[in-house]
Amino acid sequence: MPVLFPQTAGILLAGGLLAGFINTLAGGGSFLTVPLLILVGVPPSAANGTNRVAVLIQNVAAMRGFAQEGVPGPGLALRLLPATLLGAWLGAWGATHVPDEVFRRLFALIMLLALPIVLRNPVPAAGAPARALPLPLQLALYFSIGLYGGAIQAGIGIPLLLALAGAGGLDLVRANSVKVVLIAALTAVALAQFAWAGMVHWMHGLVLAIGSATGAYLASRVGARVGERLIRPLLVLSVAGLALRLLLGH
Numbered sequence: 624m625p626v627l628f629p630q631t632a633g634i635l636l637a638g639g640l641l642a643g644f645i646n647t648l649a650g651g652g653s654f655l656t657v658p659l660l661i662l663v664g665v666p667p668s669a670a671n672g673t674n675r676v677a678v679l680i681q682n683v684a685a686m687r688g689f690a691q692e693g694v695p696g697p698g699l700a701l702r703l704l705p706a707t708l709l710g711a712w713l714g715a716w717g718a719t720h721v722p723d724e725v726f727r728r729l730f731a732l733i734m735l736l737a738l739p740i741v742l743r744n745p746v747p748a749a750g751a752p753a754r755a756l757p758l759p760l761q762l763a764l765y766f767s768i769g770l771y772g773g774a775i776q777a778g779i780g781i782p783l784l785l786a787l788a789g790a791g792g793l794d795l796v797r798a799n800s801v802k803v804v805l806i807a808a809l810t811a812v813a814l815a816q817f818a819w820a821g822m823v824h825w826m827h828g829l830v831l832a833i834g835s836a837t838g839a840y841l842a843s844r845v846g847a848r849v850g851e852r853l854i855r856p857l858l859v860l861s862v863a864g865l866a867l868r869l870l871l872g873h
């Protein structure tokens, strides 16, 4: 297990802060934090597991925020949880059996493929909710999303929002509240699977979580002044650079 030297902790705090800031304004912060964990010495598959510590804490905090605002989340998510969690468990189980070198290159390719989505952010605009799909089709959809979330997690918020606002027929406020419940739940299941396999470096994850929480808080206070138009290109450039470094070796 890599030793958490002070300089490593500083890098993770700074990277977590940036990722939390970006996550709040544009999404896709895990495309930064997983490569960052790898670059400071955490094995690739363990970086995938360790990153879930920060993701879980972020989304539990977001659940509390929605609850304080009176926006329903857990109740609406209840019928979707079994399919989502089953997918997450299977996805995480598969990810714990992938060799480090394979995961490193696979994650880099996913980062590059996700760049157009990160740049465009195809979340539907606020307006009249779409008509919901039949429940069996929704459950199949959330199983698939859970499978990806358990295995990779990075960028999971965008397909979840598209599913909840499109296939689920929810308005964006309620879709976001359900999204954080589902992400928190599937992350907890995946984290348990990675922890069982010995692929979670807890101190690294907690330091990253502190930085991410701080970044999310700062974004909520000053984000409107910075603007998503400036944040998203920064995210794209960072993701592209880190992906190429992972592909070429580190």
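Residue numbers for the sequence shown follow my numbering, so the first one is 624 and each next one is one higher.
Every residue, glycine too, gets a C-beta built ideally from N, C-alpha and C.
Given the structure is predicted, the values throughout are model-derived calculations rather than measurements.
- If you draw a straight line from the Cα of Tyr840 to the Cα of Ala632, it comes to about 20 Å.
- CA-CA distance, Val801 to Leu699, rounds to 6 Å.
- DSSP places Thr656 within a helical segment (H, G or I) once states are collapsed to three.
- Out of Arg868, Leu860 and Leu869, the CA that lies nearest to the CA of Pro739 is found in Leu860.
- Taking the C-beta atoms as reference points, Met826 is found nearer than 7 Å to Leu627.
- Across the structure, Val830 and Pro757 are spaced so that their CA atoms are roughly 42 Å apart.
- Excluding its 5 nearest sequence neighbours in each direction, Val657 has C-beta neighbours in its own chain below 7 Å: Ala670, Asn671, Asn674, Phe730 and Ala777, listed in chain order.
- The criterion of a C-beta distance shorter than 7 Å is not satisfied by Leu708 and Val862.
- Per DSSP, Met822 lies in no alpha helix (DSSP H) and is assigned neither H nor E.
- If you look at Ala763, you'll find it in the alpha helix (DSSP H) that goes Leu758 to Ala774.
- The beta carbons of Leu640 and Gly834 sit closer together than 7 Å.
- Three or more Cβ pairs drawn from the region 711 to 726 and the region 760 to 776 lie within less than 8 Å of each other, which places the two stretches in contact.
- Under the three-state reduction of DSSP output, Leu809 falls in the helix class.
- DSSP places Ala777 outside both helix and strand once states are collapsed to three, so it counts as coil.
- Relative to Trp712, the option among Pro856, Arg868 and Ile806 whose CA is nearest is Ile806.
- Phe644 and Asn682 have their alpha carbons spaced roughly 14 Å apart.
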